[in-house]
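Visitor: I have a structure I would like to understand better, so I am pasting it below and will then ask my questions one at a time.
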Amino acid sequence: MDGIRKVTALTVSAVMLLTSSCAAKKEEELIKEYDEDTLVGFLEEELDIDEDDIYITDSEDAEIRVPDGVNITCPYGRARLNAFIFEDEDDARNVFEDYYDMFEDTFNVNDQFEGDYDEEFEDDYGYITLEGDNAGTTIFGDRYMYGGICGGIYYTGHMVILIYPEGPDARHDVEDLIDAFGYPYAD
Numbered sequence: 010m011d012g013i014r015k016v017t018a019l020t021v022s023a024v025m026l027l028t029s030s031c032a033a034k035k036e037e038e039l040i041k042e043y044d045e046d047t048l049v050g051f052l053e054e055e056l057d058i059d060e061d062d063i064y065i066t067d068s069e070d071a072e073i074r075v076p077d078g079v080n081i082t083c084p085y086g087r088a089r090l091n092a093f094i095f096e097d098e099d100d101a102r103n104v105f106e107d108y109y110d111m112f113e114d115t116f117n118v119n120d121q122f123e124g125d126y127d128e129e130f131e132d133d134y135g136y137i138t139l140e141g142d143n144a145g146t147t148i149f150g151d152r153y154m155y156g157g158i159c160g161g162i163y164y165t166g167h168m169v170i171l172i173y174p175e176g177p178d179a180r181h182d183v184e185d186l187i188d189a190f191g192y193p194y195a196d
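For the sequence shown, the numbering used here assigns the number 10 to the initial residue and increments by one for each residue that follows.
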């Protein structure tokens, strides 16, 4: 009888360990990582964005000092994608951490935010998503501090992606773009 209890306890422990590691892996995969080629391919093939509308800037060509890597930006209807793909994972993490700190320091400081948001920041991935009014943060630029705001910032590995509106009435395009990537969205 004692042997059966040990086997049962070991089996239960193994199942719990396996289940928790699968859940952790599934959570990490919420943010799919792209490199320059796979991101551009996804934008052109899956989202039907014309190659002339996709702008790629190498950090060597930048007029200001930025970490080594590339910046890819393009419109999607009235939404905008701005992706940074760094050579060093630490640079991506540091950039996202700066956004995260800005969000933590400025979001809803006046308690006037009306809407939904979600955030998570782990060692190797993170995201911040907003949908509402009067967030009090300049995370997507000064023009979004008050009034309507929607979008997300996503980080994993070498990559940080921002998806945000280009103007009023862009919520649908922002949601569609985030949904196309399969990323989480506060809704």
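Where a beta carbon is used, it is the ideal one built from N, C-alpha and C, also for glycine. Here the structure is a predicted model, which is why all the values come from computation and not from measurement.
By the DSSP assignment, the beta strand (DSSP E) with T82 in it spans what residues?
Guide: Here the beta strand (DSSP E) through T82 covers G78 to Y85.
Visitor: List the endpoints of the continuous alpha helix (DSSP H) containing Y109.
Guide: First-last of the alpha helix (DSSP H) with Y109: E98 to T115.
Visitor: Give me whichever residues DSSP pairs with I40 in a beta bridge.
Guide: Looking at the DSSP assignment, I40 forms no beta bridge with any residue, so it has no partner.
Visitor: Please classify E184: does DSSP put it in a helix, a strand, or coil?
Guide: Here E184 sits in helix by DSSP.
Visitor: How long is the line joining the alpha carbons of D61 and D120, rounded to whole angstroms?
Guide: So the two alpha carbons sit approximately 42 Å from each other.
Visitor: With DSSP collapsed to three states, give me the class of A189.
Guide: The answer is helix: DSSP assigns A189 an H, G or I state.
Visitor: Exposed or buried, what is T165 when buried is set at 16 or more other beta-carbons lying within 10 Å of its beta-carbon?
Guide: Result: buried.
Visitor: Go through its chain and collect everything with a Cβ distance to P177's Cβ below 6 Å, but skip five positions before and after it.
Guide: Excluding residues within five positions, none has a Cβ falling inside 6 Å.
Visitor: For E36, I'd like the list of residues in its chain whose CB is within less than 6 Å of its CB, leaving aside the five on either flank, ordered along the chain.
Guide: Per-residue confidence for E36 stands at a pLDDT of 47, beneath the threshold of 50, marking its modelled position as unreliable; the derived number appears in the next sentence. Nothing listed; no residue qualifies.
Visitor: Select from G191, G157, S68 and E106 the residue whose C-alpha is nearest the C-alpha of G135.
Guide: Taking only the C-alpha atoms, the option nearest G135 is E106.
Visitor: In whole angstroms, what separates the C-alpha of K34 from that of K41?
Guide: Confidence at K34 is low in this model, with a pLDDT of 39, below 50, so the placement of that residue is unreliable and no value is reported for it.
Visitor: Below 9 Å between beta carbons: does that hold for L90 and I162?
Guide: Cβ distance not < 9 Å, so L90 and I162 don't count as in contact.
Visitor: By the three-class DSSP mapping on this structure, what secondary structure does G150 have?
Guide: Coil, per DSSP.
Visitor: For D182, which residues in the same chain have their Cβ closer than 7 Å to its Cβ, ignoring the five residues on either side in sequence?
Guide: Only Y85, G86, R87 and A88 meet the Cβ criterion.
Visitor: What's the C-alpha gap between N103 and Y109?
Guide: Approximately 10 Å between the Cα atoms of the pair.
Visitor: Where does E277 fall in DSSP's three states?
Guide: Residue 277 cannot be examined here, being either before or after the span of the chain that is shown, 10 to 196.
Visitor: How would you label E140, buried or exposed, when you count the other beta carbons within 10 angstroms and need 16 or more for buried?
Guide: It counts as buried.
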